[in-house]
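Worksheet: one structure, shown below.
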Amino acid sequence: FPAGTRQNKEGGMQLIQKYLENYYGFKKDGESFIWKSDSPMTQKIKEMQEFFGLEVTGKLDSGTLDLIEKRRCGFPDVAG
Amino acid sequence: FSTFAGDPKWAKQVLTYRILNYTPDLHPADVNAAIKKALSVWSSVTPLKFIKKDRGDADIMISFAAKGHNDFIPFDGPGGSVAHAYAPGKEFGGDAHFDEDETWTKSTEGTNLFYVAAHEFGHSLGLFHSKDPNALMYPIYRKFDPSVSPLHQDDINGIQYLYGQSSSTHNDQMESTEIKDPSESKDPALPNTCGPNLTFDAVTTFRGEIMFFKDKHFWRKYPAVKTADFNLITSFWPRLPPGVDATYEIPENDETVIFKGNEFWVVRGDTILPGYPQKIYTLGLSKDITKIDAAFYNANEGKTYYFIADKFWRYDKRSHTMDRNPMLVRDAFPGINGKIDAVFQYQNFFYFFCGRKQFEFDPDKKRVTRLLKTNFWFQC
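One line per chain: the protein sequences are A and B, in this order.
Numbering follows the working numbering, with no gaps: position 57 of the first sequence is 135.
Numbering follows the working numbering, with no gaps: position 250 of the second sequence is 251.
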């Protein structure tokens, strides 16, 4: 990837991982490969997209990135 | 809407809240107003009432803090997470924390405190997040619109699933958290707080308040607050009989003992401790005593006084002994004669209720210092 895109992608990855840890009970186990359709991270992204009524792609698309940058309640969206 | 696992909710309808500290972003009076208004959002659609406390414990403790703040969920600086709150329960159950790294406002700019607090108090009362993007309990903060009520039907469905509907019209609830004086209420059976014939069944201190029991109701009075709140005993302790004979508090144990007939219960807050009721003879009183008229715990002596007719027995907490023989009330408390309806200790005085009279007794001077009306403690 061109450097800028790569950095954005890594930033988005960190954001989404933190978000899923805080609000969706995601636990990072070793290498979570986001692009594998059955990876835990992908599953959690789908769970979050479903909660917010977004298109459930499991991918870090712009709609998902926009949402995780909004201010919100600090309490999880799924029971821990 | 959704609720927390197991549907935790408050077992009582009158809840207390306390603002532990204030954000420098707003004038304290604006914080007080925003918090009170946020609570009235929920009391307007349920039977719940909220009373503000300025000291001691409260069900909902409200505080502002940045980053780590002694719970397991540190805040994350400006943006991101703006506040969080805990489901109903002990300790920090019900508490609401607001991120001091936000810019708290009472307008549509920045982060509107009223709007966020109304959401967080939804958690404090037992609601989880909602998927309805229009609901107050939706997790994402949306720009505050003061022209519309923050509650949507989804929120109302959720909170009424937990607490039922409001027992009175909307504006009554929005106006005040204290109940109007019961003498104005329609039910003739309700006692008239300010009537000249008011008598009590029992009176006790209770976590900094004073509770006055009459038939199946009780008044809760904060000495610093003018009005008293009026509740059904069973709304607070569902398993207690509707009416008590005597009651006293042991503050150092955070326990209150409640007597009815030849049984007694021990409660901590709104929870009846396990193993109760027990028979009153287990306290060391003789088995032929079938009821207690009044009782109080003298914290200065560590002794509990049990009054029956014109006599009393004392239990000494330190030596764990009960008086073998009773003493006459008039001998130990000159000026107090005959049967006592209720008695409690407040600061360094004892207050005896005998029919429509109340006697303030100074144990140091061993004499009655004031003759008061029974409704002396209410704003009449």
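Glycine is no exception: its CB is placed at the ideal position from the N, C-alpha and C atoms.
Contact between the segment 25-35 of chain B and the segment 100-116 of chain B is present: three or more C-beta pairs spanning the two stretches fall below 8 Å. When DSSP states are grouped into helix, strand and coil, B:S148 belongs to the coil group. Under DSSP, the beta-bridge partners assigned to B:K261 are B:E264. Secondary structure of B:I160 (DSSP, three-state): helix. Taken in chain order, the unbroken stretches of alpha helix (DSSP H) that lie wholly in the segment 74-130 of chain B and span 4 residues or more are 114-126.
For the segment 114-141 of chain A, the set of positions with a beta-carbon nearer than 9 Å to some beta-carbon of chain B reads E128, F129, F130, G131 in chain order. A straight line joining the alpha-carbon of B:F145 with that of B:L126 spans about 22 Å. A straight line joining the alpha-carbon of B:N33 with that of A:P118 spans about 44 Å.
Three or more Cβ pairs closer than 8 Å define a contact, and the segment 342-352 of chain B meets that threshold against the segment 191-208 of chain B.
At least one CB of chain B lies nearer than 8 Å to the CB of A:G152. Interface criterion met: the Cβ of B:F76 is under 8 Å from a Cβ in chain A.
Judged by DSSP in its simplified three-state form, B:N349 adopts coil rather than helix or strand. In the three-state scheme derived from DSSP, where H, G and I count as helix and E and B as strand, B:F201 is classed as coil. Of all residues in the segment 132-158 of chain B, only K132, P134, P140, I141, Y142 come within less than 8 Å of chain A when Cβ atoms are compared, listed by chain position. The segment 314-371 of chain B is shown to contain whole beta strand (DSSP E) runs of 3 or more residues at 343-347, 350-355, 358-363, in chain order. As far as DSSP is concerned, A:M126 takes part in no beta bridge.
DSSP lists B:H98 as the bridge partner or partners of B:S64.
Between the beta-carbon of B:F214 and that of B:V245 there is about 5 Å, and that keeps the pair under the 8 Å contact cut.
For B:A247, the enclosing beta strand (DSSP E) has its first and last residue at 247-251. Residue contact check for B:E92 against chain A: no CB pair falls below 8 Å. Per the Cβ contact rule, the segment 282-299 of chain B is in contact with the segment 308-317 of chain B (3 or more Cβ pairs under 8 Å). Interface with chain B (8 Å Cβ-Cβ cutoff): A:D155 is included.
Under the three-state reduction of DSSP, B:K374 is assigned to strand.
With a cutoff of 8 Å on beta-carbon distance, A:I123 and A:G136 are scored as near each other.
As the crow flies, the alpha-carbon of B:A247 is around 6 Å from that of B:A296. A direct Cα-Cα distance of roughly 21 Å separates B:S320 from B:Q346. Within 7 Å of the CB of A:L143, no CB atom of chain B is found; the nearest one sits about 14 Å away.
For A:K148, the chain B residues whose Cβ falls inside 8 Å of its Cβ are I141, Y142, in order along the chain. Put simply, the backbone Cα of B:G303 is about 32 Å away from that of B:A12. Between B:N349 and the set B:R357, B:F122, B:E361, the nearest pair of CA atoms involves B:E361. In this structure, the beta-carbon distance from B:F2 to B:N158 falls below 8 Å. Each residue's CA atom was taken as its position, placing B:C195 and A:K148 some 54 Å apart.
Within 9 Å of the CB of B:T112, the CB atoms of chain A belong to R149, in sequence order along the chain.
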